[in-house]
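What follows is a short report on a single structure.
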Amino acid sequence: MHAPTGSVDAGAGLRRPAIDFRDASVRFGDFTAMGPVNLTVERGEFLVIVGPSGCGKSTLLNLVAGTLQPFTGETIFNGAPVEGLNPAVGYITQKNYCLPWLTVEGNVRLPLEFRRFPKAQVASLAASALERVGLRGFEKAYPRQLSGGMLQRVMIARTLVYEPDIYLMDEPFGSLDALLRTKMHDEILHLWKDTDATFVFVTHDLAEAVTLADRVVVMSGRPGQVKLTLDIDLPRPRDVVDIQSNPRFGGYIKTLWEALDLN
Amino acid sequence: MHAPTGSVDAGAGLRRPAIDFRDASVRFGDFTAMGPVNLTVERGEFLVIVGPSGCGKSTLLNLVAGTLQPFTGETIFNGAPVEGLNPAVGYITQKNYCLPWLTVEGNVRLPLEFRRFPKAQVASLAASALERVGLRGFEKAYPRQLSGGMLQRVMIARTLVYEPDIYLMDEPFGSLDALLRTKMHDEILHLWKDTDATFVFVTHDLAEAVTLADRVVVMSGRPGQVKLTLDIDLPRPRDVVDIQSNPRFGGYIKTLWEALDLN
Amino acid sequence: ETVPLKVVIGSNSFAYGGMRVAEHAGILEKNGIKAEIVVAESGNAATTALISGSAEVAASGPEQVIAAAARGQKIVILGNLYRGLSGSLVLSEPIAKKMTVKRDAPVVERLRALDGLTIATPSATSAYTVPLKTFAEMNDVKINFTYMAQSAMPAALKTGAINGMMAGSPYTDAGVLASGGTLWIDGTGGELPEEVEPTSSTVLQTTEEFAKTNPDVVKRLIKSLEDLKEMIAQDPDGVKAAMSKAYPKLDKSTIDSVFERNSANWAQPEYTMAQIQKELGFVKTQGRIQGADKIVPESLLYSNP
Amino acid sequence: MSMNTAAVNSRKATGAHEGRAPTQRKSWAVPLGLQQLLVFVSLLATWQITSLYFSLDFWISSPVAVYQEFIRWYASGTLLNDLRMTLTAAGSGFVIGSIGGAIIGFLLGWIRKLGDLLEPLILSLYSLPKVALAPLFVLWFGIGITNKIMFAAIIVFFMVFFTTFQGTRQVDRDMITNARLLGASKFQTWTRIAIPYSSIWVITGLRIGLPYALIGAIVGEFVAANAGVGYRIKEATSYFNTSGVFAGLIMLMLISFTLLGILKLIEKRVLYWQTAEVALGEDASKHIP
Amino acid sequence: MSMNTAAVNSRKATGAHEGRAPTQRKSWAVPLGLQQLLVFVSLLATWQITSLYFSLDFWISSPVAVYQEFIRWYASGTLLNDLRMTLTAAGSGFVIGSIGGAIIGFLLGWIRKLGDLLEPLILSLYSLPKVALAPLFVLWFGIGITNKIMFAAIIVFFMVFFTTFQGTRQVDRDMITNARLLGASKFQTWTRIAIPYSSIWVITGLRIGLPYALIGAIVGEFVAANAGVGYRIKEATSYFNTSGVFAGLIMLMLISFTLLGILKLIEKRVLYWQTAEVALGEDASKHIP
Ligand SMILES: Nc1ncnc2c1ncn2[C@@H]1O[C@H](COP(=O)(O)OP(=O)(O)OP(=O)(O)O)[C@@H](O)[C@H]1O
Ligand SMILES: Nc1ncnc2c1ncn2[C@@H]1O[C@H](COP(=O)(O)OP(=O)(O)OP(=O)(O)O)[C@@H](O)[C@H]1O
Ligand SMILES: [Mg+2]
Ligand SMILES: [Mg+2]
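Residue numbers (my numbering), protein chains in the order written: chain A, 760 to 1022; chain B, 760 to 1022; chain C, 980 to 1284; chain D, 73 to 361; chain E, 73 to 361.
Shown next as structure tokens:
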């Protein structure tokens, strides 16, 4: 499955998968939290993962980010096993990691400063990211002055701002209202179209899953394994409101719902 | 609007409202975060609040819990203004406040111990609360060993366990999967029916709102004010799955969606 | 021309008073020495400072020189700063009142009256302890010695934690004044018998190295001590004037009494081979300092090349 | 209950949404400084009265006597010189000790393996009574200002080291991991996360250490000196001038007080985000998403 | 890359989901104790060699000389007596000082107004060099063991007080508010939230304070004693017996070492939840919700 040479191949035809879980499982003590999982995420794919609470979805993302190491198997990222942290991914975690001593803007600039973006760009990139998540006017606020949903949006802006090739998103829109969520879906789909980035997206919202995904993976209950892989064959580009009235939309949701229900 | 005597009246006919916001508004510095709000929550009512992120929903609940004091107006609780903390409410906050040095069980027992429940009852009450949120088997785990959804369930169990008269719930099911969420809806509706408690429930999920509510309040954008009050005239007791196919269900959702969209 | 010189002394007590008078009366300056006098925490610290090389000259008891020599440090004595014992024994008020022996009785009887009492001294090895202890042992008198900082003694005397204190002036004066104590054995007045009394309380000292390389400075120092002796004999008022400059906190009458009690002891600059041998003898009989028997007495005394 | 009483009763809210206290209708602040002054004055009064009433002047002096001693000290012209000496030693010692303590404490706290390895060693050194080292210090560093600086530095070093060490160990590792994923280099996780995170502990260390810089300088002056506040105290002790001793001690208290005040200002600046009242106001209200 | 190398390379994960490290396939642990021993031995060797090579025996003694001094000390029969004296004073002082410091630090940290009011007062007292107070201590507590105990107690008090004070001020007020809503009385928020929360600070305070208990006892012995480790050190000092001074100091180090070890065990027990490996295992897997 490896490319014949070690170099990154430019041709679209010869692309190797972005992520490849091979028999990966995670244990804490004697407790198997996830797996074994076998799953391939293609480059440029929008993959959504759903599954019962505590089945190991966050754990799966952690394997890709390299914040956990598997007990068995391995996680192949861009052709090489993940060892140690993997800053090539943009990870929007479930837990909030805003730095309390930085303003909203400071938090969003952080990755740009870390990645040594040219000074001139930093301010405008940060401003546009904040604009996109609807936080203009709150640049100078500190995290403790924000509502739950606003904090979540700071986390999103902080990842969007540096445009990684691969996004790992762990329930990123959980505390957003329906309207804002729709806006964010739109935003994300545009981003995906414009940049050709790969997305691995965890959610509990099946409509969200179907709206966004190329493919939805349903995980089984603890220890989470891949139970069902469902290709979402809906037209692109999608309009996040109109797509819901597509005749196949309801069917996909039903399939997913049933797969979950059997747990 | 006050009851003629200061004593708590027993007769159901003479009931005064559980909560009454009178021109209540909250400011942080010069920034008006919420209000002014005028809203009455009747005793035994199931009120759901929806509104855009950052409009002041959590702030509204904080007024009832007494963790914030209004800048103008007042919050009348059981006939008297809320001054200082109000432990008569059961408050499931948006932020997680599990104590990291207690096990899941220890965290759930905490309010019982605080409220001096008889020793004999404590263990069985805690066990049944954990059972209800699907956390059996995790009694001895520490918070840092749990997934996001599991932590949220600990917070829920910790409030259910002492059966307060009034529940304030701030997006309690945000990180639960669809199935578990449905189970929790069922659980909550049974609780409500059995105990005749009052619920003030904040959510972003309009289906959830319509499924549970007697009445849904839509708040406007910052500073949040009551924009629409919608009585949900669906039969009780409700089956949380069947209710969605009620012909009026979709209509309510549409009304709410439109009210939100106009923001 | 004048040479700058750092001189470290062991305390603010009058045992080092000669040095201060020599400084404030201009004797050192007259001999071409621009002295900076530093006060250390104890005689031991003064000698330590000398060894460390941060002062050229130190003043402390001869036993410090012996102890340092026993550890291989080459220090030589240039001259005597205070003859005999500079400390005295003060009894607390209630004990003194109970005494059947009179203050003017022979010193041996006064010593016997101390049997069983608790007496504070600065340390087990202090120049104040050894004579009294030796004297008591010679006469089969049992004294409970306890060791404490001199500054703490008057307070202990007042609260009754100790029955008496063996210390130097001005601590003894404070013991008398503040706690209503009685001066029981006057060490400065030479009341202790010759065979237990130390030869000297403080001597002027420097390293062998410094003495060798700076014979001229040493000569000036020795000359200063002789000038001091002469001044005490010739010009007591000048000495008192220098004292009030050195101890600005003391009033006229105190200066007078301090002068009367101590000036004679300041005026004995010669330190002889015999005196060294006597000190070494004390040290050896008590076996306090390991390796003291290996010391060559001659090496301790500065000899004019 | 009328609206008026409600307003009076309403307390400054603390709450699940605290951080920035909500604006209240009225506020009844009793100036803290005044209260502190009251405590201070009543203590002085108690001191004076006890001293007079039980005639303990010789032992505990009295405020009036101490004041007179101050005047004398100042008039004699040595006060400023003494202050300069002591402050130089304490200041240099503090700077050396706290920089060393903060850096090494930070490094050992941060690099866990190294910390585990060297902790016992540092603990041993910490356990040494510095006063007992005084003679050795004289031997090693002489009796000049170096001795006093080293004394102050070593004491401060340990104070700052320990709190920084402990604090840095508490830094949320998940926060660090997250920053690494955001692209932070190891060095950046230090400067941007770990240092701000443990700054509260470093400051605690500095607060604990600061008075000890003075104490170190003073003890150094006790051992050997011819000027300085410590020397004055020793001199006063030798002549049983209790008022002088207290004058010296109070001088020290005043100095560390001033310095601690300055430190508090720095603390406020460094930890400004804990209390900042940032104007969301106008601007934020305009851009409703 | 073969699976084998991958396994060898895989590091102990730290991560957004850390807390309990995931189980690894293999683990290569180098025993820490051994490493520490190595550091210790090489330090001793350096000391010995430096001392021999540069003939610095008088200045820094040497391990062999110190060892001989220990033997002499033990043979003379005073060692145990000295130890008993010093330990009694330090131990009692530690207990009194740390209980006092923890309680008062906790109270003033917790009751903010009181803390703000009294902080300057306590800071002033803290700034006093205790050694300069020796005569007053003799006046108040005599020259017996009480004096040494009080010396130790007062120094420990301040150390524990300060860290506890600072730590308690850091307690998450929102957490407290939440507990109050859950029905906690004021007292319960102390016992169930604030105390566990600030326990890490209290323990830091104890760790910082413990060696100071010994230091306090030693200083007390310097001021007045006729036995005890401090007294031996002073005695050795007056004979320029550097080996004796080091023997005394090392004795002290050994003592505080042992005591700190015990404290560490207690710390592990109190803060067990930070590292606990609780068996979810079997039981949890059975009840899939
Ligand atoms: N540090 C840890 N120590 C022990 N067990 C852990 C740890 N982290 C996670 N687990 C366990 O691993 C399992 C999977 O956790 P994970 O966070 O991946 O779930 P999830 O699918 O993301 O759930 P949710 O939807 O609730 O976020 C859970 O049962 C959890 O208890
Ligand atoms: N401590 C505070 N200091 C300053 N502003 C605050 C503070 N707490 C909340 N706010 C502001 O008050 C507004 C309302 O916050 P609140 O948490 O009530 O929103 P919310 O409706 O619960 O939003 P969400 O759905 O995102 O949780 C927000 O704009 C927020 O920035
Ligand atoms: Mg998760
Ligand atoms: Mg909210």
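Glycine is no exception: its CB is placed at the ideal position from the N, C-alpha and C atoms.
Everything numeric in this text was worked out from a predicted model, so none of it was measured.
Beta carbon of residue i nearer than 8 Å to that of residue j
{"i": "A161(D)", "j": "I217(D)", "result": "yes"}
{"i": "L971(B)", "j": "V807(B)", "result": "yes"}
{"i": "D924(A)", "j": "T957(A)", "result": "yes"}
{"i": "A888(B)", "j": "L919(B)", "result": "yes"}
{"i": "V1048(B)", "j": "L798(B)", "result": "No answer is possible for residue 1048(B): the residues shown for chain B start at 760 and end at 1022."}
{"i": "L820(B)", "j": "D929(B)", "result": "yes"}
{"i": "T366(E)", "j": "G181(E)", "result": "Only positions 73 to 361 of chain E appear in this structure, which leaves residue 366(E) out of reach."}
{"i": "M1144(C)", "j": "L1136(C)", "result": "yes"}
{"i": "G825(B)", "j": "R775(B)", "result": "no"}
Backbone CA spacing between residue i and residue j [nearest angstrom]
{"i": "R974(A)", "j": "F237(E)", "result": "55 Å"}
{"i": "V809(B)", "j": "G983(B)", "result": "10 Å"}
{"i": "L822(B)", "j": "T261(E)", "result": "21 Å"}
{"i": "I1141(C)", "j": "L1070(C)", "result": "9 Å"}
{"i": "K306(D)", "j": "Y995(C)", "result": "16 Å"}
{"i": "K985(C)", "j": "R304(D)", "result": "19 Å"}
{"i": "M793(B)", "j": "T818(B)", "result": "7 Å"}
{"i": "V1000(B)", "j": "E967(B)", "result": "11 Å"}
{"i": "R813(A)", "j": "W860(A)", "result": "The residue you asked about is not Arg; residue 813(A) is Gly in the sequence shown. One C-alpha to the other measures close to 31 Å."}
{"i": "K98(E)", "j": "G832(A)", "result": "Low local confidence applies: a pLDDT of 46 at K98(E) is under 50, so the model's placement there is unreliable, and no value is given."}
{"i": "Y269(D)", "j": "N250(D)", "result": "14 Å"}
{"i": "V881(A)", "j": "E898(A)", "result": "14 Å"}
{"i": "E848(A)", "j": "G803(B)", "result": "Note on identity: in this sequence residue 848(A) is Val, with Glu being the wrong assignment. Roughly 49 Å between the two C-alpha positions."}
Interface flag, residue i vs chain D, CB-CB below 8 Å
{"i": "S199(E)", "result": "yes"}
{"i": "K1009(C)", "result": "no"}
{"i": "T276(E)", "result": "yes"}
{"i": "D154(E)", "result": "no"}
Per DSSP, cross-strand counterpart(s) of residue i
{"i": "F112(E)", "result": "Answer by DSSP bridge pairing: none, since F112(E) is not bridged."}
Contact with chain E by residue i, beta-carbon distance below 8 Å
{"i": "S328(D)", "result": "yes"}
{"i": "A1157(C)", "result": "no"}
{"i": "L179(D)", "result": "no"}
{"i": "I1141(C)", "result": "yes"}
{"i": "P877(B)", "result": "no"}
{"i": "Q1052(C)", "result": "yes"}
Chain A within 8 Å of residue i, Cβ atoms only
{"i": "E946(B)", "result": "no"}
{"i": "L254(D)", "result": "yes"}
{"i": "N219(D)", "result": "no"}
{"i": "Q242(D)", "result": "no"}
{"i": "I265(D)", "result": "yes"}
Cβ of residue i within 8 Å of any chain B Cβ
{"i": "T236(E)", "result": "no"}
Which residues, in order along the segment 847-860 of chain B, keep a beta-carbon less than 9 Å from a beta-carbon of chain E?
Result list: V848, G849, Y850, T852, K854, Y856, L858, P859, W860.
Residues of the segment 1264-1275 of chain C with Cβ closer than 7 Å to any Cβ of chain E, in chain order
The segment 1264-1275 of chain C vs chain E, Cβ under 7 Å: I1268.
Can you give me, in chain order, the residues of the segment 815-846 of chain A that have a beta carbon less than 7 Å from any beta carbon in chain D?
For the segment 815-846 of chain A, which is checked against every Cβ of chain D, the residues closer than 7 Å are A824, T826, L844, P846.
Short-range partners of chain D found in the segment 987-1019 of chain C, where Cβ spacing is below 8 Å
The residues in question are V987, S990, N991, S992, E1015, I1016, V1017, V1018, A1019.
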